[in-house]
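Undergrad: Below you'll find the structure I mean.
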Amino acid sequence: MKKIVIAFSLAIMSGCTNNPLNANQDNKIYSVKYTEETKAQKNSESIESTVEDSTISKNENITDEKAVITDDSSPVEKAAPRDIGILTSSNSAPVATAATSVRSNSFTANWDSATGLVTGYVLTIKQGSNVVNTINTSEATLSYNVTGLSPATAYTYTVQTNDGSTLSMDSNAINVSTIAAGAFVSTVAGDTQNINGAVGTTDGVGANARFNMPHDMTMDSSGNLFVADYVNNSIRKITPAGVVSTFAGDPNGSSGSTDATGTDARFYYPSGIVADSADNLFVTDFFNDKIRKITPSGVVTTFAGGWIGIGGISGPGLNTRFNGPISIDRDNAGNLYVSEFFANRVRKITPAGTVSLLAGSSTGVSGYVNATGANARFYLPTGITADGSGNVYVNDSKNKIRKITPSGVVSTLAGSTYSGNDVFPEYLDGTGTNARFNNPSGLDCDAAGNIYVAEIWGNRIRKVTPSGVVTTVAGSTSSAQPAANYVDGLFSSSRFNKPREVFVAPSG
């Protein structure tokens, strides 16, 4: 007799009388035998279960299974067994609902809670008939952000309940297509009903929270965003779930210079912010002319610039002076770089707190000169960022992006080289000095060395490659200056209202 050994992992449904294996729901290995001798006849043969000692007709449930068919001496057919799960009607299938937050490489799958004993859910993502991913979640989870998908691709998802040992039937299938690759703009937190954005100090979730002229942003190792809430004189925290709280500074927005913990500390128009590898935050306290440090537990101290008064004194931490420190970033070695708005220069601060001049006039003289160190000139520099090679990039209010090498050599990466009073507030994508900006402000750098620029009056986000090629990644691409607006969406369909800063998350 030929023998078949089958790993029965069939979709067995309790009470299904036409299932030949209705009594066997233990996911074991069964031995069955053919009543005929030839492999060619097996699709119409009967199979006798040696376990249940009953004759059952072979049907599609069994032919779909992988089997090892042998006689007493040699194999006739081999294929690996597979496990496709066991289903039981003791759990009701959940109801899958429409996907949300659809992006080019992700979407959020949603479903309603199911009745019965539920210890978790199993989410299955398919592209056509191919399973892309299977995700196990807890019983409290009713949505899941599915990532790692391809742009402009159709997917389906279904959900099952799990009672700890068995799975329910599949839910209804939801069809969802990822959008084409490109920049997609969505609102993380703050008023979504008003073009100008309702101001306030309210802590809350997502659109229920309120800010007042938020400036720079940074992220800690846990994915929490920290925002320098400029006019509210506070540092706000936004969790990955969109929960907004006041991390440091007065929740009611009063100013001051007090070093303390959390909401007992005071700031005076905090503008720039950056996190280090230990999740400490460094803040440019604009009108206090100081650099403040905030530990992960919220303890606020003055890191540099403690000397009373404004100026350009370099040296160790508290013996130094600044004049309008507006933006800050750090390099891979832990050095901080600060752009001084009123002093027209860029300062460097070592991890030990020693302050020195990197580029620009030591006495605060403005201008437009590409040179080295103190011989270079800037005009009201704003945003600043550092790339992985230690180069520093600064937004110059003359509508230029300036580059500073580690040795202090200053050049113009992109934007007009004109040095007169007309600052050429134009819009033009192009390469290097052929490109045009309209009041660039904040900027940040990604892992590949690309720079992203928030253009205040242009109401756009621009991208500058390491070789100086400028393109528009979000906002209107019209040659005319776009009116301020508020629209979430893809690429050129999105609209901004005077974007001031931009931050590139570690994920890109």
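Read in the numbering used here, the sequence shown has 133 at position 132, and its numbers run on one by one without any break. Beta carbons: idealized from backbone N, C-alpha and C, even for Gly. Every value quoted in this text rests on a predicted model; they were computed, and no experiment measured them.
1. Taking its Cβ as the centre, do 16 or more other Cβ atoms sit within 10 Å of Ala305, making it buried, or is it exposed?
2. Rounding to the nearest angstrom, what Cα-Cα distance links Asn213 and Ile295 in this structure?
3. On the DSSP letters alone, give me the boundaries of the beta strand (DSSP E) that Tyr156 sits inside.
4. Which of the three DSSP states is assigned to Gly374 in this structure?
5. Is it buried or exposed, Asn400, if we count other Cβ atoms within 10 angstroms and call 16 or more buried?
6. Does the beta-carbon of Val206 have 16 or more other beta-carbons within 10 angstroms, so that it is buried, or is it exposed?
7. Rounded to whole angstroms, what is the Cα-Cα separation between Asn498 and Leu150?
8. Whose C-alpha, out of Ala153, Lys349, Arg496 and Gly318, is nearest the C-alpha of Ile180?
9. By the 10 Å Cβ neighbour count, where 16 or more other Cβ atoms means buried, how is Asn173 classified, buried or exposed?
10. Using a Cβ-Cβ cutoff of less than 6 Å, which residues in the same chain neighbour Val275 once the five nearest sequence positions on both sides are dropped?
11. Classify Leu88: buried if its beta carbon has 16 or more other beta carbons within 10 angstroms, exposed otherwise.
12. Within the continuous beta strand (DSSP E) that includes Lys464, where are the two ends?
13. Return the first residue and the last residue of the beta strand (DSSP E) that Trp112 is part of.
14. Is Ser390 helix, strand or coil by DSSP?
15. Which one or two residues does DSSP pair with Gly214 in a beta bridge?
16. Identify, in the order they occur along the chain, each residue of the same chain with its Cβ nearer than 8 Å to the Cβ of Ala199, setting aside the five sequence neighbours on each side.
17. Helix, strand or coil for Ser494 per DSSP?
18. So the candidates are Ile175, Arg496, Asp221 and Ala229; which of them puts its Cα closest to the Cα of Trp112?
19. Report the rounded CA-to-CA distance for Ser495 versus Asp397, giving the unit in angstroms.
20. Run through DSSP, which three-state label would Thr383 get?
21. Report back the beta-carbon spacing between Val228 and Thr262 to the nearest angstrom; my notes put them in contact at under 8 Å.
22. Can you tell me whether DSSP reads Leu319 as helix, strand or coil?
23. Alpha carbon to alpha carbon, what distance is there between Gly318 and Leu444?
24. How about Phe287 and Ser272: are their beta carbons less than 8 Å apart?
25. Quick check: what's the CA-CA separation for Ala455 versus Pro441?
26. Could you compute how far the alpha carbon of Ser408 sits from the alpha carbon of Thr472?
27. Give the single residue among Thr188, Ala279 and Thr202 whose Cα lies nearest to the Cα of Ala242.
28. Between the Cα of Pro507 and those of Ala448, Val488 and Ile457, spot the shortest distance and give me the residue it belongs to.
29. Quick one: is Gln194 buried, meaning 16 or more other Cβ sit within 10 Å of its Cβ, or exposed?
30. Give me the DSSP bridge partner(s) of Pro441.
31. Leaving out the 5 sequence neighbours to the left and right, which residues in its chain are closer than 7 Å to Gly431 when beta-carbon positions are compared?
32. So what's Phe248 in DSSP terms, helix, strand or just coil?
33. Rank Lys127, Thr142 and Ala141 by C-alpha distance to the C-alpha of Thr135 and give the top, closest one.
34. With DSSP collapsed to three states, give me the class of Phe227.
35. Thinking C-alpha only, which one of Ala182, Gln161, Ala387 and Asn253 is nearest Thr116?
36. Can you check which of these residues, Ser363, Asp388, Pro382 and Ala387, is closest to Asn376 by C-alpha distance?
TA: On the basis of the data shown:
1. Here residue 305 refers to the residue found at position 304 of the sequence shown. By the Cβ-count criterion, Ala305 is buried, with 16 or more other Cβ atoms from all chains shown falling within 10 Å of its own Cβ.
2. In the sequence shown, counting from the first residue as 1, residue 213 sits at position 212. In the sequence shown, counting from the first residue as 1, residue 295 sits at position 294. Asn213 and Ile295 have their C-alpha atoms roughly 21 Å apart.
3. Locating residue 156 in the sequence shown gives position 155, counting from the first residue. That run of the beta strand (DSSP E) goes Ala155 to Asn163.
4. Along the sequence shown, one-based indexing puts residue 374 at 373. DSSP places Gly374 within a helical segment (H, G or I) once states are collapsed to three.
5. For the purposes of this step, residue 400 is identified with residue 399 of the sequence shown, where counting begins at 1. The residue is buried, with at least 16 neighbouring Cβ atoms inside 10 Å.
6. Stepping through the sequence shown from its first residue, residue 206 is reached at position 205. The residue is exposed, with fewer than 16 neighbouring Cβ atoms inside 10 Å.
7. Here residue 498 corresponds to residue number 497 of the sequence shown, with the count starting at 1. Here residue 150 corresponds to residue number 149 of the sequence shown, with the count starting at 1. Their Cα atoms are separated by approximately 31 Å.
8. Translated into the one-based positions of the sequence shown, residue 180 becomes position 179. It is Ala153.
9. Numbered from its first residue, the sequence shown carries residue 173 at position 172. Answer is exposed; the Cβ neighbour count stays below 16.
10. Your numbering for residue 275 matches position 274 in the sequence shown. Cβ neighbours of Val275 beyond the five flanking positions: Thr219, Phe283, Ile329, Asp330 and Arg331.
11. Counted from its first residue, the sequence shown places residue 88 at position 87. For Leu88, the predicted model reports a pLDDT of 43, less than 50, meaning its position is unreliable and no value from the coordinates is stated.
12. For the purposes of this step, residue 464 is identified with residue 463 of the sequence shown, where counting begins at 1. Under the DSSP assignment, Lys464 falls in the beta strand (DSSP E) whose first and last residues are Arg461 to Val465.
13. Within the sequence shown, numbered from 1, the residue matching residue 112 stands at position 111. Here the beta strand (DSSP E) through Trp112 covers Phe108 to Trp112.
14. Position 389 of the sequence shown, counting from 1, holds the residue named residue 390. Coil, per DSSP.
15. Mapped onto the sequence shown, residue 214 falls at position 213. Here residue 214 turns out to be Met, not Gly, going by the sequence shown. BP columns for Met214 are empty, so no partner.
16. Here residue 199 refers to the residue found at position 198 of the sequence shown. The residues are Asp192 and Arg211.
17. For this step, residue 494 is matched to residue 493 along the sequence shown. Three-state DSSP puts Ser494 in a helix.
18. To locate residue 112, count along the sequence shown from 1; it is residue 111. Of the candidates Ile175, Arg496, Asp221 and Ala229, the residue whose Cα lies closest to the Cα of Trp112 is Ile175.
19. To locate residue 495, count along the sequence shown from 1; it is residue 494. To locate residue 397, count along the sequence shown from 1; it is residue 396. Those two C-alpha atoms are separated by around 26 Å.
20. The sequence position of residue 383 within the sequence shown is 382, counting from 1. Coil, per DSSP.
21. In the sequence shown, counting from the first residue as 1, residue 228 sits at position 227. In the sequence shown, counting from the first residue as 1, residue 262 sits at position 261. Contact doesn't hold; Cβ gap of about 19 Å is too wide.
22. Translated into positions along the sequence shown, residue 319 becomes position 318. The answer is helix: DSSP assigns Leu319 an H, G or I state.
23. Here the question's residue 444 lines up with position 443 in the sequence shown. Here the question's residue 318 lines up with position 317 in the sequence shown. In a straight line, the C-alpha of Leu444 is about 26 Å away from that of Gly318.
24. Along the sequence shown, one-based indexing puts residue 287 at 286. Along the sequence shown, one-based indexing puts residue 272 at 271. In this structure, Ser272 lies closer than 8 Å to Phe287 by Cβ.
25. Locating residue 455 in the sequence shown gives position 454, counting from the first residue. Locating residue 441 in the sequence shown gives position 440, counting from the first residue. CA-CA distance, Ala455 to Pro441, rounds to 6 Å.
26. Sequence index remark: in the sequence shown, residue 408 carries index 407 (1-based). Sequence index remark: in the sequence shown, residue 472 carries index 471 (1-based). In this model, Ser408 and Thr472 are separated by some 29 Å (Cα to Cα).
27. Position 241 of the sequence shown, counted from the first residue, corresponds to residue 242. Comparing alpha carbon positions, the residue from Thr188, Ala279 and Thr202 closest to Ala242 is Thr188.
28. Along the sequence shown, one-based indexing puts residue 507 at 506. With respect to the C-alpha of Pro507, the residue from Ala448, Val488 and Ile457 having the closest C-alpha is Ala448.
29. For the purposes of this step, residue 194 is taken as the residue at position 193 of the sequence shown. That one is exposed.
30. Here residue 441 refers to the residue found at position 440 of the sequence shown. DSSP lists Glu456 as partners of Pro441.
31. In the sequence shown, residue 431 corresponds to position 430, counting from 1. Hits under 7 Å: Val471.
32. Numbered from 1 along the sequence shown, position 247 holds the residue referred to as residue 248. Residue state, collapsed to three classes: strand.
33. Taking the first residue of the sequence shown as position 1, residue 135 is located at position 134. Checked all of Lys127, Thr142 and Ala141; the closest Cα to Thr135 is Lys127.
34. Here residue 227 is taken as the residue at index 226 of the sequence shown, counted from 1. Residue state, collapsed to three classes: strand.
35. In the sequence shown, counting from the first residue as 1, residue 116 sits at position 115. When each option's Cα is compared against that of Thr116, the closest is Gln161.
36. Residue numbering aside, residue 376 sits at position 375 when the sequence shown is read from its first letter. Ranked by Cα distance from Asn376, the first of Ser363, Asp388, Pro382 and Ala387 is Ser363.
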